[in-house]
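S.K.: Residue numbers (our numbering): 11 to 147.
Shown below is the structure under consideration.
Right under this line is the structure:
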């Protein structure tokens, strides 16, 4: 995952310094003058630096950007793993519930079949002499 993010970053920004910087050297005096102006503006300096980096990216800030991209990729991977784990737990719980239902139904059917196949109890015949009205004990 991290290698893919690094590859995307390099393909978006270029792989050589000539791809990242316009032709010709960057005048460092201009950068120093801008740095002095930024210190007086405070928070606007950071926004100005980001704007300038987008217009003329260099290799100097690439490490920080790559680090941020990799950290984001790690957080997203953690989120995906956690979601997959929760989904797997839901699937396993549903499967266990369904298996329990099927097992209970099978036990009920087996009990019903067992009752149907059991021999009928013998018919109760009255003891000998029970219909004889003359016999009283």
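Note that CB positions come from ideal geometry on N, CA and C, so glycine has one too.
Note down the Cα distance separating residue 56 from residue 101, rounded to an integer number of angstroms.
M.R.: Looking up residue 56 in the chain shown gives position 46. Looking up residue 101 in the chain shown gives position 91. So the two alpha carbons sit approximately 48 Å from each other.
S.K.: To which residues of the same chain is residue 118 closer than 6 Å at the C-beta, ignoring the five residues directly before and after it?
M.R.: For this step, residue 118 is matched to residue 108 along the chain shown. Result list for residue 118: empty, nothing under 6 Å.
S.K.: Please report how far the alpha carbon of residue 62 lies from the alpha carbon of residue 76, in whole angstroms.
M.R.: Locating residue 62 in the chain shown gives position 52, counting from the first residue. Locating residue 76 in the chain shown gives position 66, counting from the first residue. Cα to Cα, the separation comes out at about 18 Å.
S.K.: Work out the CA separation of residue 95 and residue 108 for me, nearest whole Å.
M.R.: By 1-based counting over the chain shown, the position of residue 108 is 98. By 1-based counting over the chain shown, the position of residue 95 is 85. Spanning the two alpha carbons is a distance of roughly 20 Å.
S.K.: In whole angstroms, give me the CA-to-CA distance for residue 28 and residue 71.
M.R.: Taking the chain shown and counting its residues from 1, one reaches residue 28 at position 18. Taking the chain shown and counting its residues from 1, one reaches residue 71 at position 61. In this predicted model, residue 28 has a pLDDT of only 48, less than 50, meaning its place in the structure is not dependable; the value taken from the coordinates is given anyway. Each residue's Cα considered, the two are about 15 Å apart.
S.K.: Taking only heavy atoms of the ligand HEM into account, decide whether any of them is closer than 8 Å to the Cβ of residue 79.
M.R.: Among the components of this structure there are no ligands whatsoever, and the ligand HEM is therefore not found.
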